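Okay, structure first, notes after.
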Amino acid sequence: MRVVILGCGRVGSTLAAVLTREGHHVSVIDRDQSAFDKAAQRLGPSFTQETVRGIGIDEDVLRQAGIEEADAFVSVTSGDNTNIVAAQIAQQRFHVPQVLARVYDPIRAEAYREAGVKTICTTAISTGLFHDLVLGRQLRGIQDYLDTTRSQPDAQEKAG
Amino acid sequence: MYVIVVGGGKVGYYLTRTLLSEGHEVTLVEKEQGRVSRLTPEFGENVVLGDGCEVRVMEDAGMNRADCVVAVTGHDEDNIVVCQMAQRHFGVPREIARVNNPENEAIFHLLGIRETVASTRIIYSLIDQEVGTGESLLLAALKRGKIVIVKLDLTADSPAAGRMVKDIYLPGECVLAAILRDDHILLPSGTTQLQSGDTVIAVAEPESQHVLRDALVGAKPSRAG
Chain A
1 MRVVILGCGR VGSTLAAVLT REGHHVSVID RDQSAFDKAA QRLGPSFTQE
51 TVRGIGIDED VLRQAGIEEA DAFVSVTSGD NTNIVAAQIA QQRFHVPQVL
101 ARVYDPIRAE AYREAGVKTI CTTAISTGLF HDLVLGRQLR GIQDYLDTTR
151 SQPDAQEKAG
Chain B
161 MYVIVVGGGK VGYYLTRTLL SEGHEVTLVE KEQGRVSRLT PEFGENVVLG
211 DGCEVRVMED AGMNRADCVV AVTGHDEDNI VVCQMAQRHF GVPREIARVN
261 NPENEAIFHL LGIRETVAST RIIYSLIDQE VGTGESLLLA ALKRGKIVIV
311 KLDLTADSPA AGRMVKDIYL PGECVLAAIL RDDHILLPSG TTQLQSGDTV
361 IAVAEPESQH VLRDALVGAK PSRAG
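First to last, the protein sequences are chains A and B. Residues 1 to 160 (this note's numbering) make up the first sequence, in order. Residues 161 to 385 (this note's numbering) make up the second sequence, in order.
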């Protein structure tokens, strides 16, 4: 599988390393060379096959990273809007079959999920997990945490 | 009209000032405290501190009843998201976005933002017009600089003088709209013969202006000569 990852922070670089270890072809984009250096320090220099320096919403940068041949595109920069816009470009401009974007803001994550962008809201997931753990509840499936309309615990009580 | 302006830099400041002076209701949303402090003495309650991409901030600014949202931050992705959220989440009838990097303009349109202002490209085409096209004069720029209306004066030396319109090679992206001859307006057809002294009004895409000028009034003499 060919995967393009935008954003070489902890999540982006670790995901790259995992996929690379599994034999997938990964390229990572970041605007900052130091992000690649840090990732190489943490994960070893072969955490990815390819690094591309540039802005993630720039079509030339995406092309250089191989988005035209990509099976999947993952947008995990620290900026919600960058992730949202890059994911839409990957979907609508380059027709990448699997496109995912991390969005911290739960409301924006849901708004764009409804509009057809697969958003992963790590804020909703972590909050939900902590909430259930604090109250000693049984943990639920990830999808339950992502769906903020169902994350109200009372609406969530299941039999057994 | 109720307008929400997102981004309190130079463009946002002057836009807000102009809209207010014309009697419109305006809210300017800016996320940096320092800028808000500088803007508040002039605009008072019309300035709001907050991230214009946050739904809560948008709600508080009255996005539900806005007639128009103008996103003029320095970041193209923020401007895109502001407009998309205004469109989809709040049903605002009209969104206008500033394009910072002219190469991103196509992305704005791809992502459903129809009205964009790319100041860099507009300024460039105006300069190009001044420097590059001698005898053709820009009368108007429409569709944010993507279509221009130009005026060309024919002289006896012009290659088009004495020729019929159908015999003049014109690029596909331009139309001769009218010929002004002795205080009369002629609507050009293929068999209209152009004359020395005619003024031709043409509508064209900026890129074809040079070819249009060369075909009608001839290439501009080189400045070095």
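All C-beta atoms in this analysis are idealised placements derived from N, C-alpha and C, irrespective of residue type, glycine included. Bear in mind the structure is a predicted one, so any value in this text is a computation, not a measurement.
Note down the Cα distance separating T77 (chain A) from L299 (chain B), rounded to an integer number of angstroms. Here residue 77 (chain A) refers to the residue found at position 77 of the first sequence. Here residue 299 (chain B) refers to the residue found at position 139 of the second sequence. Going from the Cα of T77 (chain A) to the Cα of L299 (chain B) covers about 45 Å.
Any chain A beta carbon closer than 8 Å to D238 (chain B): Against the second sequence, residue 238 (chain B) aligns to sequence position 78. It does: the Cβ of D238 (chain B) has a partner Cβ on chain A nearer than 8 Å.
Three-pair Cβ contact test at 8 Å for the stretch 217-229 of chain B versus the stretch 9-26 of chain A: no
Would you check if the stretch 56-71 of chain A and the stretch 85-102 of chain A touch, i.e. whether three or more CB-CB distances between them fall below 8 Å? Taking 8 Å as the limit for Cβ pairs, the verdict is that the stretch 56-71 of chain A does touch the stretch 85-102 of chain A.
Determine the chain B residues that contact I107 (chain A) at a beta-carbon separation under 7 Å, and present them in chain order. Taking the first sequence and counting its residues from 1, one reaches residue 107 (chain A) at position 107. Simply V215.
Please identify the residue among A:G7, A:A124 and A:I89 whose C-alpha is closest to the C-alpha of I142 (chain A). For the purposes of this step, residue 142 (chain A) is identified with residue 142 of the first sequence, where counting begins at 1. Considering only alpha carbons, the answer is A:A124.
Rounded to whole angstroms, what is the Cα-Cα separation between T293 (chain B) and H184 (chain B)? Here residue 293 (chain B) refers to the residue found at position 133 when the second sequence is read from its first residue. Here residue 184 (chain B) refers to the residue found at position 24 when the second sequence is read from its first residue. At T293 (chain B) the pLDDT is 49, less than 50, meaning the model places this residue with poor confidence; the figure from the coordinates comes in the next sentence. Between T293 (chain B) and H184 (chain B), the C-alpha separation is close to 39 Å.
Check whether the Cβ of H269 (chain B) lies closer than 8 Å to any Cβ atom in chain A. On the second sequence, residue 269 (chain B) is found 109 positions in, with the first residue counted as 1. Not one chain A Cβ lies under 8 Å of H269 (chain B).
Quick one: residues in its chain with C-beta nearer than 6 Å to the C-beta of Q152 (chain A), no 5 flanking neighbours on either side, listed in chain order? On the first sequence, position 152 is the one that residue 152 (chain A) refers to. For Q152 (chain A), the predicted model reports a pLDDT of 48, less than 50, meaning its position is unreliable; a value from the coordinates is still stated below. Correct list: empty, nothing qualifies.
Terminal residues of the continuous beta strand (DSSP E) containing L302 (chain B)? Position 142 of the second sequence, counted from the start, is the residue given in the question as residue 302 (chain B). That run of the beta strand (DSSP E) goes S296 to L302.
Which of helix, strand or coil DSSP assigns to F250 (chain B): Here the question's residue 250 (chain B) lines up with position 90 in the second sequence. DSSP places F250 (chain B) in coil when its eight states are reduced to three.
Let me make sure I understand the geometry here. Which of B:V308, B:L312, B:G305 and B:K306 has the alpha-carbon closest to that of S144 (chain B)? Outside the displayed range of chain B (161 to 385) lies residue 144 (chain B), so it cannot be described from this structure.
Q247 (chain B) versus A:A87, A:G12, A:A115 and A:G79, residue with shortest Cα-Cα distance: On the second sequence, position 87 is the one that residue 247 (chain B) refers to. For Q247 (chain B), the nearest C-alpha among the options comes from A:A115.
Taking C-beta to C-beta, are V3 (chain A) and D71 (chain A) nearer than 8 Å? If you number the first sequence from 1, residue 3 (chain A) lands on position 3. If you number the first sequence from 1, residue 71 (chain A) lands on position 71. Cβ distance < 8 Å, so V3 (chain A) and D71 (chain A) count as in contact.
What is the DSSP secondary structure of L180 (chain B), reduced to helix, strand or coil? Stepping through the second sequence from its first residue, residue 180 (chain B) is reached at position 20. Of the three classes helix, strand and coil, the one that applies to L180 (chain B) here is helix, per DSSP.
Tell me where the beta strand (DSSP E) around I361 (chain B) begins and ends. Your numbering for residue 361 (chain B) matches position 201 in the second sequence. Per DSSP, I361 (chain B) is one residue of the beta strand (DSSP E) stretching across T359 to A364.
One question on the structure: do G9 (chain A) and S75 (chain A) come within less than 8 Å of each other, judged by their Cβ atoms? Residue 9 (chain A) sits at position 9 when you count from the first residue of the first sequence. Residue 75 (chain A) sits at position 75 when you count from the first residue of the first sequence. Contact flag unset, no.
Specify, as a first and last residue, the run of the beta strand (DSSP E) that T119 (chain A) falls within. Locating residue 119 (chain A) in the first sequence gives position 119, counting from the first residue. Taken as a continuous stretch (DSSP letters only), the beta strand (DSSP E) holding T119 (chain A) covers K118 to I120.
Which first and last residues belong to the alpha helix (DSSP H) in which D220 (chain B) is found? As a first step, residue 220 (chain B) is located in the second sequence; it is residue number 60 there, counting from the start. That run of the alpha helix (DSSP H) goes V215 to D220.
Identity of the residues DSSP links to E275 (chain B) by a beta bridge: Here residue 275 (chain B) is taken as the residue at index 115 of the second sequence, counted from 1. Partner(s): B:I256.
Would you check if the stretch 271-281 of chain B and the stretch 330-342 of chain B touch, i.e. whether three or more CB-CB distances between them fall below 8 Å? no
What does DSSP give as the partner residue(s) for D30 (chain A) in the beta ladder? In the first sequence, the residue the question calls residue 30 (chain A) occupies position 30. Answer is A:R53, bridged to D30 (chain A).
Cross-chain neighbours of R93 (chain A) in chain B, by beta carbon under 8 Å: Numbered from its first residue, the first sequence carries residue 93 (chain A) at position 93. In chain order: I267 and L270.
Nearest to D211 (chain B) by alpha carbon, out of B:T233, B:S356 and B:L175? Here the question's residue 211 (chain B) lines up with position 51 in the second sequence. Comparing Cα-Cα distances from D211 (chain B) to each of B:T233, B:S356 and B:L175, the minimum goes to B:T233.
Using a Cβ-Cβ cut-off of 8 Å, state whether V3 (chain A) counts as contacting chain B. The sequence position of residue 3 (chain A) within the first sequence is 3, counting from 1. No - not a single Cβ of chain B is within 8 Å of the one on V3 (chain A).
Counted within 10 angstroms of its Cβ, other Cβ atoms place M223 (chain B) as buried (16 or more) or exposed: Taking the second sequence and counting its residues from 1, the one referred to as residue 223 (chain B) is at position 63. Buried, because 16 or more other Cβ atoms sit within 10 Å of the Cβ of M223 (chain B).
Output, in chain order, the set of chain A residues within a Cβ distance shorter than 8 Å of M245 (chain B). Sequence index remark: in the second sequence, residue 245 (chain B) carries index 85 (1-based). Those within 8 Å of M245 (chain B) in chain A are R108 and A111.
Do three or more CB pairs link the stretch 173-187 of chain B to the stretch 42-52 of chain A at distances below 8 Å? no
Reduced DSSP category for K311 (chain B) - H, G, I as helix; E, B as strand; rest coil: The residue labelled residue 311 (chain B) in the question sits at position 151 within the second sequence. Of the three classes helix, strand and coil, the one that applies to K311 (chain B) here is strand, per DSSP.
Using three-state DSSP, classify H131 (chain A) as helix, strand or coil. For the purposes of this step, residue 131 (chain A) is taken as the residue at position 131 of the first sequence. Note: H131 (chain A) maps to helix in three-state DSSP.
Unbroken alpha helix (DSSP H) run spanning S75 (chain A), endpoints: Walking along the first sequence from the start, residue 75 (chain A) turns up at place 75. Bounds of any alpha helix (DSSP H) do not take in S75 (chain A); it lies within the beta strand (DSSP E) bounded by A72 to S75.
Exposed or buried, which one is L372 (chain B) when buried takes at least 16 other CB atoms within 10 Å? Here residue 372 (chain B) refers to the residue found at position 212 when the second sequence is read from its first residue. Burial call: buried.
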